[in-house]
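Residue numbers (the working numbering), protein chains in the order written: chain S, 1 to 306; chain U, 1001 to 1128.
Following: one structure in structure tokens, then a few remarks.
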Amino acid sequence: MNTVVFVPFGASVLLVALSRILVTRLRPSAAAWALSTAMPLVALCTVGGLLVLACPLPARVPLVAALGRWAPSAVARHSPVAPLVSALALAALTWSGCRLCREVRALVAEARTVLGASSLRRAATEVIVVDDPVPQAHALGVSVLGLGRIVVSSGLLRLLDADERAAVIAHEHAHLDQHHAVLASASRLSAALNPLLAPIRDDLGYVLERSADEAAAATTSRGALASGIAKAALATVQTARVAGGAFALHRQAVADRVAALLAEPTERTRAAWVLVAVAVVAAAAVGWALHDTERFFEAARLWSRR
Amino acid sequence: MERRAFGELEGQVLAALWAAGRPLVPAEVLGAVGGDLAYTTVMTILVRLHDKGLIERNKVGRAYAYRPVVAETEVVAGQVRKLLDRGHDRTAVLQGLLDGLSADDEDLLRELLARATGRRADGDGRSS
């Protein structure tokens, strides 16, 4: 068996480790781009790897073998993968498929709720204010076809001064402009396909917030955005309406973001290529393994003619 | 003025009216929004928001005083809550300002807020 078929699994673990290291060191927009490219690519590569491992087993079924015109006995005799490994890979593939379906259904339901919210008569403007004392702000959807909306609570607006309000609205606007809902959805689907990648979702979540922060700071004011976020966070902590455990690693994500805004912005972008390179290596390995598998079945077809 | 920028200004005027907590005349809105807006721009935005039914107005002396319409915000709030209540998992279609806030952060946040306020007092300016 060609052992390169296992490279995508190693690449998944490596990607998680690298993302942990790089997530706070890279320029947020570069990290967001690299992570949301590498994640789906590696997820697809693991599916490819599982396919390579799984396919010799169903190929022994006479009906499948008849369709492919190869001899089931020849496949069984020369199969490069042990039947147990194939069975495990088949089970993993089925599980991934089920997880993907569930995630897609959840995303569709979410998207429908967003569409419902943005088509309301009240939602004639991009910024929607809800009368709620709890300080909160959310970006809904993406700014395609005028669907994106920014939902801000009156409690937050009353807490902030004019510059802070402008900075916070610019932050939410950056989420919409940079299509963060699409990137977050892609990472969720990738993690559904390949659970090894799940820890990266939190990293990407943090990076997307930082990316929106930097975009808002560039057009409004760093200090105002920092104090606006800090004020809102303090008020939320004091009213004890904190959603617990959203981030495992970045437990102080909000505080980290404020601190990052008060520090000098990171300009490092080149290391982001390391993340993409991991995905490219995984893709090359899977390509090789798939090619080998194709050759095996070609050979199996020849044996059946003998 | 490009359309997107106009939409953002619209949001800022609406935000200023909500933040004020009392009816504002256009001159007060201008002050509350901050920045270097023209009076006529603010007037245009106020009229548009009024046409959309998002704000209402009363005659105060010679000018109109504007305030936000509170009714019906509950519908949108309900939709957002529906998304937030989708279990413990973060939703992909919705990015929250305070995602990942921990209850232990209070002291740290207080210190950071003091630093941010200090930085702004030193003239943070509109640099990047």
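Note that CB positions come from ideal geometry on N, CA and C, so glycine has one too.
Please read all numbers here as calculations on a predicted model, not as lab measurements.
Contacts around residue i, its chain only, beta-carbon distance under 8 Å, and the 5 residues preceding and following it disregarded
{"i": "valine 1042 of chain U", "result": "Val1013, Pro1026, Val1029, Leu1030, Val1033"}
{"i": "leucine 1054 of chain U", "result": "Leu1014, Pro1068, Val1069"}
{"i": "leucine 159 of chain S", "result": "Pro135, Lys231, Ala232, Ala235"}
{"i": "valine 168 of chain S", "result": "Ala137, Val152, Leu156, Leu160, Ala216, Leu225, Gly228, Ile229, Ala232"}
{"i": "glutamate 267 of chain S", "result": "Arg27"}
{"i": "isoleucine 150 of chain S", "result": "Glu126, Val127, Ile128, Ala137, His138, Ala139, Leu140, Ile169, Glu172, His173, Leu176"}
{"i": "aspartate 1037 of chain U", "result": "Checking the sequence shown, residue 1037 of chain U turns out to be leucine, not aspartate. Counting only Cβ-Cβ distances below 8 Å, and skipping sequence neighbours, we find Leu1009, Leu1030."}
{"i": "threonine 1117 of chain U", "result": "none"}
Cβ-Cβ distance between residue i and residue j below 9 Å
{"i": "phenylalanine 9 of chain S", "j": "leucine 196 of chain S", "result": "yes"}
{"i": "leucine 44 of chain S", "j": "alanine 34 of chain S", "result": "no"}
{"i": "valine 152 of chain S", "j": "histidine 173 of chain S", "result": "no"}
{"i": "leucine 57 of chain S", "j": "serine 86 of chain S", "result": "yes"}
{"i": "alanine 282 of chain S", "j": "valine 42 of chain S", "result": "yes"}
{"i": "alanine 54 of chain S", "j": "leucine 90 of chain S", "result": "yes"}
{"i": "glutamate 214 of chain S", "j": "proline 83 of chain S", "result": "no"}
{"i": "leucine 1108 of chain U", "j": "tyrosine 1066 of chain U", "result": "no"}
{"i": "glycine 1011 of chain U", "j": "valine 127 of chain S", "result": "yes"}
{"i": "serine 185 of chain S", "j": "leucine 107 of chain S", "result": "yes"}
{"i": "glutamate 164 of chain S", "j": "leucine 93 of chain S", "result": "no"}
{"i": "serine 211 of chain S", "j": "histidine 179 of chain S", "result": "no"}
{"i": "valine 258 of chain S", "j": "leucine 1112 of chain U", "result": "yes"}
{"i": "alanine 74 of chain S", "j": "tryptophan 303 of chain S", "result": "yes"}
{"i": "valine 47 of chain S", "j": "asparagine 194 of chain S", "result": "yes"}
{"i": "glutamate 209 of chain S", "j": "glutamine 1095 of chain U", "result": "yes"}
{"i": "threonine 113 of chain S", "j": "leucine 1083 of chain U", "result": "yes"}
{"i": "leucine 262 of chain S", "j": "arginine 1062 of chain U", "result": "no"}
{"i": "aspartate 1051 of chain U", "j": "valine 254 of chain S", "result": "no"}
For residue i, the nearest candidate out of the options (CA to CA)
{"i": "threonine 219 of chain S", "options": "S/Gly116, S/Leu275, S/Ala166, S/Ser86", "result": "S/Ala166"}
{"i": "glycine 155 of chain S", "options": "U/Leu1112, U/Ala1077, U/Gln1095", "result": "U/Ala1077"}
{"i": "alanine 192 of chain S", "options": "S/Val104, S/Val13, S/Pro83, S/Ala65", "result": "S/Val104"}
{"i": "leucine 100 of chain S", "options": "S/Arg222, S/Tyr206, S/Val237, S/Pro40", "result": "S/Pro40"}
{"i": "glycine 223 of chain S", "options": "S/Ser187, S/Ala162, S/Asp132, S/Val47", "result": "S/Ala162"}
{"i": "threonine 125 of chain S", "options": "S/Arg268, S/Gly148, S/Ala111, S/Ala263", "result": "S/Gly148"}
{"i": "phenylalanine 296 of chain S", "options": "S/Pro72, S/Ile21, S/Val142, S/Ala17", "result": "S/Pro72"}
{"i": "glutamate 1056 of chain U", "options": "U/Arg1062, U/Arg1022, U/Arg1081", "result": "U/Arg1022"}
Spatial neighbours of residue i in its chain, beta-carbon cut-off 6 Å, leaving aside the 5 residues before and after
{"i": "valine 4 of chain S", "result": "Ala285, Trp288, Ala289"}
{"i": "alanine 11 of chain S", "result": "Val42, Val278, Ala282"}
{"i": "alanine 300 of chain S", "result": "Trp70, Ala74, Val75"}
{"i": "asparagine 2 of chain S", "result": "Ala289, Asp292"}
{"i": "glycine 49 of chain S", "result": "Val5, Pro8, Val286"}
{"i": "histidine 175 of chain S", "result": "Ala139, Ala212"}
Below-9 Å beta-carbon distance, residue i vs any chain S residue
{"i": "proline 1023 of chain U", "result": "no"}
{"i": "arginine 1057 of chain U", "result": "no"}
{"i": "glycine 1061 of chain U", "result": "no"}
{"i": "leucine 1046 of chain U", "result": "no"}
{"i": "glutamate 1106 of chain U", "result": "yes"}
{"i": "alanine 1019 of chain U", "result": "yes"}
{"i": "alanine 1015 of chain U", "result": "yes"}
{"i": "alanine 1116 of chain U", "result": "yes"}
{"i": "arginine 1067 of chain U", "result": "no"}
Residue-chain proximity (residue i, chain U), Cβ-Cβ < 9 Å
{"i": "arginine 165 of chain S", "result": "yes"}
{"i": "histidine 78 of chain S", "result": "no"}
{"i": "isoleucine 128 of chain S", "result": "yes"}
{"i": "alanine 32 of chain S", "result": "no"}
{"i": "glutamate 172 of chain S", "result": "yes"}
{"i": "aspartate 292 of chain S", "result": "no"}
{"i": "glutamate 184 of chain S", "result": "The amino acid at residue 184 of chain S is misidentified as glutamate; the sequence shows alanine. Judged by the 9 Å Cβ criterion, alanine 184 of chain S is in contact with chain U."}
{"i": "isoleucine 200 of chain S", "result": "no"}
{"i": "alanine 181 of chain S", "result": "yes"}
{"i": "leucine 298 of chain S", "result": "In the sequence as presented, leucine is not what sits at residue 298 of chain S; that position holds glutamate. No, its Cβ sits nowhere closer than 9 Å to a Cβ of chain U."}
{"i": "valine 75 of chain S", "result": "no"}
{"i": "valine 168 of chain S", "result": "yes"}
{"i": "aspartate 161 of chain S", "result": "yes"}
Residues of its chain near residue i, where Cβ-Cβ distance is below 7 Å and the 5 sequence neighbours each way are ignored
{"i": "alanine 38 of chain S", "result": "Leu15, Leu275, Val276, Val278, Ala279"}
{"i": "serine 19 of chain S", "result": "Leu35, Ile200, Asp203, Leu275"}
{"i": "threonine 293 of chain S", "result": "Val52, Cys55"}
{"i": "alanine 243 of chain S", "result": "Per-residue confidence for alanine 243 of chain S stands at a pLDDT of 48, beneath the threshold of 50, marking its modelled position as unreliable; the derived number appears in the next sentence. Closer than 7 Å at Cβ, skipping near neighbours: no residue."}
{"i": "valine 23 of chain S", "result": "Ala31, Asp203, Tyr206, Val207"}
{"i": "histidine 1088 of chain U", "result": "Note on histidine 1088 of chain U: pLDDT 40, under 50, position unreliable in the model; the coordinate value appears next. The answer is none, since no qualifying residue turns up."}
{"i": "leucine 1024 of chain U", "result": "Leu1017, Ala1032, Ala1065, Tyr1066"}
{"i": "serine 221 of chain S", "result": "Asp163, Ala167"}
{"i": "valine 1080 of chain U", "result": "none"}
{"i": "leucine 1049 of chain U", "result": "Glu1010, Val1013, Leu1014, Ile1055"}
Handout entry: chain U contacts from the stretch 219 to 243 of chain S (Cβ-Cβ distance under 8 Å)
Key = In summary, the residues of the stretch 219 to 243 of chain S whose CB is separated from some CB of chain U by less than 8 Å are Thr220, Ser221, Arg222, Gly223, Ala224, Ala226, Ser227, Ile229, Ala230, Lys231, Ala232, Ala233, Leu234, Thr236, Val237, Gln238, Ala240, Val242, Ala243, in the order they occur in the chain.
Exercise for the section: Please list the residues of the stretch 130 to 158 of chain S that have a C-beta atom closer than 7 Å to any C-beta atom in chain U, keeping them in chain order. Expected result: Along the stretch 130 to 158 of chain S, the positions whose C-beta sits under 7 Å from a C-beta of chain U are Val130, Asp131, Asp132, Gln136, Ala137, His138, Ala139, Leu140, Gly141, Ile150, Val151, Val152, Ser154, Leu157, Arg158, read in chain order.
Problem - Under 8 Å (Cβ pairs) to chain S, residues found in the stretch 1023 to 1044 of chain U - result: Sequence-ordered contacts of the stretch 1023 to 1044 of chain U with chain S read Ala1032, Val1033, Gly1034, Gly1035 [C-beta pairs closer than 8 Å].
Problem - Positions along the stretch 100 to 118 of chain S whose CB lies within less than 7 Å of some CB in chain U - result: Residues passing the 7 Å Cβ filter: Leu107, Glu110, Ala111, Thr113, Val114, Gly116, Ala117.
Exercise for the section: Give the residues from the stretch 252 to 267 of chain S that approach chain U closer than 8 Å (Cβ to any Cβ), ordered along the chain. Expected result: Among the residues of the stretch 252 to 267 of chain S, those with a Cβ less than 8 Å away from any Cβ of chain U are Gln252, Ala253, Val254, Ala255, Val258, Ala259, Leu261, Leu262, Pro265, in the order of the chain.
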